[in-house]
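Structure record follows, encoded as structure tokens.
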Amino acid sequence: MRNQQATKLLFEMSRSGRRAHHLPPLPAEGETAASLLPADQLADAPPPLPELAEGDVVRHFVNLSTLNMSVDTHFYPLGSCTMKYNPKRNERMASLPGLVDVHPLQSDRSVPGVLQMLYELQQMIGEIAGLPGVSLQPAAGAHGELTALLVAAAYYRDRGEDQRRYVLTADSAHGTNPASAQMAGFSTRTVKSNAQGLVDLDDLKSKLDDKTAVFMLTNPNTLGLFDSQIKEITDLVHEAGALIYLDGANMNAILGITRPGDFGADLMHFNPHKTFSGPHGGGGPGAGPICVRDFLADYLPGPVVEKVGEEFRTVDPAKTIGRVRSFFGNVGVLARAYIYIRTYGKEGLRRVSEDAVLGANYLLSKVRHILDVPHGDRCMHEFVASAKKLKKEKHLSAMDLAKRLLDFGFHAPTVYFPLVVEEAVMVEPTETESKETLDAFAEALFRITEESGDVVEHAPHSTNISRPDDVIAARKPILRWTEKDK
Ligand SMILES: Cc1ncc(COP(=O)(O)O)c(C=O)c1O
């Protein structure tokens, strides 16, 4: 049902004199609020704020908060972005006064508990990665990519290998990979995928030379496939004197099962908001810690936390690239990652990944009867279907499917990514979804493909706004400035 209540602005609901509170009377007879304030701070008229009762304000904001879908309200199968459930226990613990009441400018000695937590988090994610050098500084996955590439650049500069100015990225990579490489001052070359959706080894070989600095690889890749040639790939890259960067966005599939350091990665980032249940926060603060091999640890950004005897202190690594973020990074998000890892422990984390992979394969087994799945009979934690045939036969696109799913109470999967699949529909259920939810999602998908084209094409029908892009396009002539408006 459309939520009419939340569509009105507070200003439209305002009624003169309506109040959410009553202030106590002023002590002296004839005194007014204005007479208590310094004259130079008084305006001629009160500011034009909406006047409302408390109930109206509360309903307004609660209703607004229900307009969007969220992990707490709906199944959210956003491939690659891993919108996993955020345990409420994490939220409560991350809100403890010892964490929220500290000030970032406090001295190391006054926040030993926070430093101990960050130190232990460094140790734990270094162990999960199989890469011992850790910086918790970067504020997102993409920021981790950039930071790690700056570390690689500093390493090559130190070795007098400045000619290594190319970063290789896979054609199935997230757009942040080539973007981060460019920002770090490298040029990029794209490595093709083969027919199975894995790295095309011949193409990789043809692009590796003494000018190659780093090969950025996502494994499992964005098609939801673990690249079984990984040993050969990392050997080839290392033989060329280059480094392997692992985009850790898909770590949710391999926690406790295999470690990037063990399969040859030299640097990597984690997305704690994908892997360790930090909230995504609508574009708000995230974290993108990076892990590197020993020989790269000296270049990490500061501060890192060290343990000396029983004391914890912050230091800058010897050849640090400098700061990439203020203070200790986004401690609130890092705290949630710490709590999540400690709560699950070694066996529990492995189980998380096993369940994520099991759920995705169960859903894949159902979806493959509805849509084509061009790569792989099995998947890791996510899979990529294609609406290409549906488009050809019924003129329904991946976008139409995604929009219509909202009417069935499901957040849309990722669409049109990765670019190597036409009309891509990328589904990632995550480990906490029940069989019933997965069945209901597959059933909705099936029913949509059976519906009349008109209904699907104009979906969603149950949301306050239908298709923002189309609405904006329709309004364009109204928004366009005319000579007269100027
Ligand atoms: C494969 C992959 N790499 C990198 C990123 C970038 O991570 P972030 O959004 O934390 O910057 C994403 C984000 O979705 C991703 O899916």
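Heads up, the sequence shown is in full-length UniProt numbering, so the first residue is 1 and it goes up one at a time.
Heads up, the beta-carbon is just placed ideally off N, CA and C, and yes, glycines get one too.
Keep in mind that this is a model prediction, so the values were computed, not measured.
Sorted by chain position, residues whose beta-carbon lies closer than 6 Å to a non-hydrogen atom of ligand 1 are 80, 81, 140, 141, 142, 174, 176, 218, 222, 247, 249, 271, 286, 288. The DSSP-derived three-state label of residue 59 is helix. Between residue 224 and residue 360, the gap from beta carbon to beta carbon is short of 8 Å. Within the same chain, Cβ atoms closer than 7 Å to the Cβ of residue 229 are found at 198, 199, 201, the five residues on either side in sequence being excluded.
Counting C-beta pairs closer than 8 Å gives three or more between the stretch 388 to 407 and the stretch 450 to 466, which meets the contact rule.
Beta-bridge annotation (DSSP): residue 307 is paired with 312. Each of 29, 267, 362, 396 was checked against the Cα of residue 442, and the nearest Cα belongs to 362. Counted as a single uninterrupted DSSP element, the stretch harbouring residue 322 is not any beta strand (DSSP E), since DSSP gives it neither H nor E. Spatial neighbours of residue 184 in its own chain (CB-CB distance under 7 Å, excluding positions within 5 residues in sequence) are listed in chain order as 146, 149, 150, 153. Per the DSSP secondary-structure output, residue 203 pairs with nothing in a beta bridge.
For the 8 Å CB-CB criterion, residue 130 and residue 279 do not form a contact. Taking the CA atoms as reference points, residue 68 sits about 29 Å from residue 372. In this model, residue 169 and residue 244 are separated by some 11 Å (Cα to Cα). Taken through DSSP and simplified to helix, strand or coil, residue 328 comes out as coil. Shown here for residue 264: same chain residues with a beta carbon closer than 6 Å to its own, the five before and five after excluded, namely 234, 244 in chain order.
For residue 295, the secondary structure class from DSSP, reduced to helix, strand or coil, is helix. In the DSSP assignment, residue 183 falls within the unbroken alpha helix (DSSP H) covering 176 to 183. Residue state for residue 350 is assigned as helix, using DSSP reduced to three classes. Selection 95, 311, 105 evaluated against residue 326 yields 105 as nearest (Cα-Cα). Closest option to residue 413, judged by alpha-carbon separation, among 406, 420, 426, 241: 426.
Every unbroken stretch of the beta strand (DSSP E) spanning 3 or more residues and falling wholly within the stretch 224 to 278 is given here in chain order: 243 to 248, 267 to 270.
Residue state for residue 187 is assigned as strand, using DSSP reduced to three classes. 8 Å or more divides the Cβ of residue 218 from the Cβ of residue 194. Shown here for residue 406: same chain residues with a beta carbon closer than 8 Å to its own, the five before and five after excluded, namely 69, 412, 459, 460, 462, 463 in chain order. Listed in chain order, the beta strand (DSSP E) runs fully inside the stretch 16 to 61 amount to none, counting runs of at least 3 residues. Residue pairing by DSSP leaves residue 442 without any beta bridge partner. Looking at the DSSP output, residue 168 bridges to 189, 215. Spanning the alpha carbons of residue 27 and residue 41 requires a straight line of approximately 22 Å. In this structure, the alpha-carbon of residue 205 lies about 9 Å from that of residue 191. In the DSSP assignment, residue 372 forms a beta bridge with 386. Under DSSP, residue 424 shares a beta bridge with 386.
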